[in-house]
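Structure record follows, encoded as structure tokens.
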Amino acid sequence: MLLLLAVLLAALFRFYQLGHWPPGLYRDEAFNGLDAAAVLRGDWHLFFPANNGREPLYIYLIAIAIALLGSTVIAVRLPAAIVGTLTTLPTYLLGRDWFGRTTGLLAAFIWAVTFWPVHLSRIGLRTILLAPLLALAFWLGTRAYRTGRGLWWGVAGAIYGLTFYTYLAARFTPLILVAVALYLLLTGRRDRLWANGQSLWFLAGAAVALAPLAFAAIDDPGIIMGRTGQVFILDTGDPGGMLSTLWSQTGKALGMFFWRGDNILRHNALLDYSAASIPDASPGRPVFDLFMVGPFLLGVGWCLWRWRRPAVATLLLWQIIMLGPTILTEDTPHFLRAAGLLPGLVLLPAIGLNAIWQWPHGPAWVRRVAVIGLLAGSAFLTARDYAHYGRQPEVGYLFESAASDLATSAMSDTASADVYLDQRFWEGWPSIPFLLEDKAVTLVNEADVTAAGNRPVVRYAWPYGSLVGLQDSVTAPANVDITVGPLARGDLEPEAYSLYTRYEITPGEIAASRSDNFDGRFELRGAGVTAVSPTSLQVDLTWGLPPDAPTPDRLPAVFIHVLDETGLVAQGDSTLAGGLWPVDSWQPGITVTSHHLIELPEPFDPAHHQVTIGLYWPDSQERLPLLDSGYTMGDDQVTIWPPDAAP
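In structure tokens:
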């Protein structure tokens, strides 16, 4: 029952808001999805060459999910969540057989609630597969070592061979096997290691599992060292510099457990979530939070004191060697490259907690409550930190949530409109072709003119290029509804920017709900105010040219004022239609709708707040006067909320 509780807890931490926390779909995840979709079309590989090359096992799991769920964010991340949840079981088995049932159960709970494995289980990357296969291989190898049965050795070898189909850090694991074998030889356990030749079945099982990948590597040697060569940092030409770098890297790697973890926000949470520090906080949350640091250090000390025991020696050698992938590469400590430490790493605090649980001094209930309290505190911090993490705008930028939003919006538009997408988006953000793979969208360049039909046309345009093709696609009468896309920012880009602008072109004249004429130049045809949150207003404005208006040669700015009985509460100013409809495209018969978000310092009260708008020339600040429709001389603004306000 306790093990079942640990599994359910692991599932809760991995499935809650899956697909939304973290927001978006990072390009590495999207490449996995694209390759998985290609697998369903018959494009099979033992090693996928795109995106610096990737091992195949996780991609085939995504292919199964896509076959069931379609090309969605959930389909990419669901295998990781399932694998991460089920890894609770081999973690328990390994801990139980090495250090006893209580330690195994404690390790299962620590795996369930520790931020690092939780996060790896919520993103669609292949890294998460290494942990369960390593745990199973070590557990089965332990069974084989203790029983001397060839079947156990063969299955353990086959499972071990499969680790090479998961993640590149698996290439360090032969060093663990060599180190453990040397340890057993040096400590007089030669006969048990040899097991009358039964252990050769391990090599046979591993050889069978590895054979397909080995043959593929013979055809393409880049499979072995391609990505590794890109991130390897040691300069072998300078021995002194190499030793200095190695010393520094090792210190950073060791510090990740209790001092400072991965500094890449895509891999790790913020170091501090105190209210005052959130805006300026940086990544770097250590692997173990303040509740688990003590048990972790206690477990390390316990193991160092008992290093002669085979299980203890194997665990220590495992941890030391699998630090290599992050020590020898850039961005140390790197939580993806260090994933080979898992799930063995969680055994160390489990050993510490078990020492507290079994401590012969003091009341038993105090020790039990202390252990349960430490686990509960760690679970609370993970839940709190992940909720903050999932809502951080920077996390959305790094997981390219704006591109996913574009794809979601375009999918929705295909039901009622002909959708055209700038070619730039399809080529630059892999999540877009993955999410839109089987949807009816047409790719265009900036200069392409789209044919007008009876259905509305929606065009997703790059905001920083030419709109000539879009402008030429609009024929009066028509309404152009303009929506500014969400912000995006690449890894090396200093400022966030709107990723796209959505133009919805609806043929025919729209019914005007009002006609407020500003200086005979521009006319307000419609206005709406919507509270999108307690302190945010969306103001929708539709503009056109009044009869006999002169051809515009410049665009005024629009001001939006939110007022109460005491005066101005908030305001927003921007070029007419956000400046997203060029001045030379304003012509009779074409109306333009724009949407403006106004943030308020207090909750919006429909009964007491008033919203007014007007136009002015930015260079002179001169307001455009109102003409006709009951307005008196000198009027230069109109009230759009309350909607029934008199002129």
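So the working numbering is basically just the index in the sequence shown, starting at one, shifted up by 3.
C-beta atoms are modelled at their ideal positions from N, C-alpha and C, and glycine is treated no differently.
Predicted model only: the values in this text are computed from it and were never measured.
Exclusion of the five residues before and after W310 leaves A316, L319 as the residues of its chain whose Cβ lies within less than 7 Å of its Cβ. About 4 Å separates the beta carbons of L502 and A405, which is inside the 8 Å limit, making them a contact pair.
A Cβ-Cβ contact shorter than 9 Å links F118 with R288. Taking V444 as reference, the option from H122, R269, L424, L356 with the minimal CA-CA separation is L424. Out of P177, L64, A184, the CA that lies nearest to the CA of A209 is found in P177. M259 is classed as buried because its beta carbon has at least 16 other beta carbons within 10 Å across all chains shown.
With fewer than 16 other Cβ atoms from the protein chains shown falling within 10 Å of its own Cβ, V452 counts as exposed. Under the three-state reduction of DSSP output, D421 falls in the strand class. It is roughly 9 Å from the alpha-carbon of Y29 to the alpha-carbon of G399.
Its chain contains E526, R528, T594 as the residues whose beta carbon lies nearer than 6 Å to that of G547, once the 5 sequence neighbours on both sides are disregarded; these appear in chain order. Buried is the label assigned to Q640, since at least 16 other Cβ atoms lie within 10 Å of its Cβ. Three or more beta-carbon pairs drawn from the segment 478-485 and the segment 505-513 are found closer than 8 Å, and the two stretches are therefore classed as touching. Around the CB of M4, fewer than 16 other CB atoms lie within 10 Å, so the residue is classed as exposed. Looking at the DSSP output, I616 sits in a beta bridge with I563, V641.
DSSP places H48 in the coil class of the three-state scheme, outside both helix and strand. Comparing alpha-carbon positions, the option among G488, S202, Y619, L600 lying closest to V158 turns out to be S202.
In terms of CA proximity to P621, T578 leads the group T596, A410, T578.
Taking a contact to require three or more Cβ pairs closer than 8 Å, the segment 52-67 and the segment 96-112 do not qualify as touching.
Residue environment for F607: buried (at least 16 other C-beta atoms within 10 angstroms of its C-beta). Secondary structure within the segment 444-508: the beta strand (DSSP E) runs of 3 or more consecutive residues, fully enclosed, are 444-447, 460-464, 481-487 (chain order). Under the three-state reduction of DSSP, R370 is assigned to helix. Each residue's CA atom was taken as its position, placing L15 and S516 some 50 Å apart. Proximity to I131 across L8, P604, V121 peaks at V121, based on C-alpha coordinates. Burial is judged here by how many other beta carbons sit within 10 angstroms of a residue's own beta carbon; L600 has fewer than 16 and is exposed. Per DSSP, the continuous beta strand (DSSP E) segment holding N520 begins and ends at 519-521. For T117, no alpha helix (DSSP H) encloses it, and the DSSP letter there is neither H nor E. According to DSSP, residue pairing for G531 in a beta bridge involves D543.
Within the same chain, and ignoring the five residues on either side of I113 in sequence, the residues whose Cβ sits closer than 6 Å to its Cβ are V349, P352, A353. Contact between N520 and L629 holds, since their C-beta atoms are separated by about 7 Å, short of 8 Å. For L128, the three-state secondary structure derived from DSSP is coil. A distance below 6 Å between beta-carbons, with the five flanking residues on each side excluded, links D522 to the following residues of its chain, in chain order: L627, P628. Residue pairing of D576 in beta bridges, as defined by DSSP: F562.
Between G22 and R80, the C-beta gap is smaller than 9 Å, which places the two residues in contact. It is roughly 5 Å from the alpha-carbon of I616 to the alpha-carbon of I563. Across the set L12, H48, G200, the C-alpha of L12 shows the shortest separation from the C-alpha of A110.
Scanning I179, T509, G468 for the CA closest to the CA of V422 turns up T509.
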